[in-house]
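**Q** For our numbering, add 658 to where a residue sits in the sequence shown, where the first one is 1.
A virtual CB, placed ideally from N, CA and C, is assigned to each residue, including glycine.
The structure displayed is predicted, hence computed values, not measured ones.
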Amino acid sequence: MTGAGQTPPPGWYPDPGGEAGMVRWWNGVAWSDVMMPSGPGVAVRSVPGAAAPRAAEPAPVPPLTAPDRSSGPSRAWTAAVAIVVVVAAVIGTVLALRSGDDTDRTATPPSTGADPAPPPAAGPTFPPGTVRIIDRAAGISYPYLGEGWSEFTLGWMLETTETTGQYFTTQDDTPDGGVFISQCTSGPVSPEYAGAGGDLQATVTRLATSVRGNYYPGPNEMEVLRDEARTVDGRAAHLYEFELSWDVEGYDATGERAALLLIDVGKPEPALLYVSIPNTHAELYGVINRVIDAVDVL
């Protein structure tokens with residue numbers, strides 16, 4: 659059990675900014691950049707005696723406690739002069755702490771209750787109130803994963819004729835001059851990847867080989883986690899999930915977990931859903947099942 663004053667263990671906790679229904683990952687020291695909705699498969703922790711874990715203040719001035727983080731009423735002071743002096747000191751110190759917070763939004767939960775800034779190099783955001791991504795070209799929809807996930811505007815994948823979805827940057831300036839991302843995208847499969855006779859397993863295996871060669875550092879090793887037939891909204895589908903590992907200088911990640919879900923949506927080309935999470939953000943691996951289990955055919 660966690661005693662008073664101890665650092666809470668890593669896990670999902672209610673968003674420290676107060677966003678209803680949202681959870682954020684606490685790694686034992688600082689908050690993750692990315693939030694996601696709470697729901698099935700997301701184990702949300704609670705901290706005895708506190709609403710959520712928080713990192714230590716950068717330069718605490720004892721015996722001060724920032725008013726906007728206090729859970730109870732202020733103490734009564736016994737002398738009017740003391741009130742004036744203490745209030746002035748509190749205002750000056752809180753303003754100084756807030757000014758300092760602006761320089762490190764990811765290391766310290768925000769003192770004002772506002773959500774932290776999204777990851778660097780984030781793209782356009784979705785319209786307010788978006789809860790699902792609708793890919794009409796592919797003929798499917800799936801959950802929008804929340805703050806920090808931006809609309810996919812990086813062109814399109816070679817494996818699809820159009821690409822829709824969401825992503826966030828996990829590393830800027832990789833050795834090949836690009837960026838490393840986590841993504842959840844979809845699109846109609848490019849005709850050259852389609853298997854003879856509509857064989858979904860053969861097609862998705864070919865697609866997995868393609869993304870492995872096109873988007874990951876090499877050499878790398880692959881472990882297949884799932885290769886199974888499924889149904890999505892009563893439609894035939896096939897899931898191919900794998901984990902890659904590599905040892906290539908210059909990359910923050912040394913591996914990634916990815917899943918490709920291929921769905922026969924009744925169109926000339928099947929729909930491909932592709933979800934990838936590098937091991938620098940392994941706490942988000944649960945996103946894969948969350949998205950796959952919530953796909954709808956339009």
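Using the Cα positions of Gly787 and Ala852, report the straight-line distance between them to the nearest angstrom.
**A** If I take the Cα positions, the gap works out to 36 Å.
**Q** Can you tell me whether Asn878 is helix, strand or coil according to DSSP?
**A** Strand.
**Q** Between which two residues does the beta strand (DSSP E) harbouring Ala866 extend?
**A** Element bounds for Ala866: not the beta strand (DSSP E) but the alpha helix (DSSP H), Leu858 to Tyr873.
**Q** Return helix, strand or coil for Arg948, following the three-state DSSP convention.
**A** Correct three-state label for Arg948: helix.
**Q** Val890: which of Ile950, Pro782, Arg703 and Cys842 sits nearest, CA to CA?
**A** Of the candidates Ile950, Pro782, Arg703 and Cys842, the one whose C-alpha sits nearest the C-alpha of Val890 is Ile950.
**Q** By the DSSP assignment, the beta strand (DSSP E) with Ile899 in it spans what residues?
**A** The sequence as given places Glu at residue 899; Ile does not occur at that position. First-last of the beta strand (DSSP E) with Glu899: Arg893 to Trp904.
**Q** Compare the Cα-Cα distances from Gly924 to each of Ile798, Tyr802 and Val882 and report the closest residue.
**A** The candidate whose alpha carbon is nearest that of Gly924 is Ile798.
**Q** Near Val642, which residues of its chain fall below 6 Å by C-beta distance, leaving aside the five closest residues on each side in sequence?
**A** There is simply no residue 642 to check, as the chain begins at 659 and stops at 956 in what is shown.
**Q** Would DSSP call Thr788 helix, strand or coil?
**A** Coil at Thr788, not helix or strand.
**Q** By Cβ distance below 7 Å, which residues in the same chain neighbour Phe900 in space, the five residues on each side in sequence not counted?
**A** So the list reads Ala866, Met880, Glu881, Val882, Leu883 and Ala916, once near-sequence residues are dropped.
**Q** Within a Cβ cutoff of 8 Å, which residues of the same chain sit near Tyr943, ignoring the five residues on either side of it in sequence?
**A** Around Tyr943: Arg915 and Ile935.
**Q** Which value, in whole angstroms, describes the spacing of the CA atoms of Leu918 and Leu930?
**A** Whole-angstrom Cα-Cα distance: 7 Å.
**Q** What's the gap between the Cα of Asp922 and the Cα of Leu858?
**A** For Asp922 and Leu858, the distance between alpha carbons rounds to 8 Å.
**Q** Taking DSSP as the reference, what is the three-state secondary structure of Ala709?
**A** With a pLDDT of 44 at Ala709, under the threshold of 50, the modelled position of that residue is not reliable, and the figure given next carries that caveat. If DSSP states are grouped into helix, strand and coil, Ala709 belongs with coil.
**Q** Could you name the residues of the same chain whose beta carbon sits closer than 7 Å to that of Tyr873, not counting the 5 residues immediately before and after it, in chain order?
**A** Cβ within range, chain order: n/a, list empty.
**Q** Would you call the CB atoms of Gly813 and Thr821 closer than 9 Å?
**A** The answer is yes: Cβ separation under 9 Å.
**Q** Quick one: Cα of Thr863 to Cα of Gly686, how far?
**A** Each residue's alpha carbon lies about 38 Å from the other.
**Q** Assuming Ala796 is part of the beta strand (DSSP E), what are its boundary residues?
**A** Looking at the DSSP string, Ala796 is not in any beta strand (DSSP E), and its letter there is neither H nor E.
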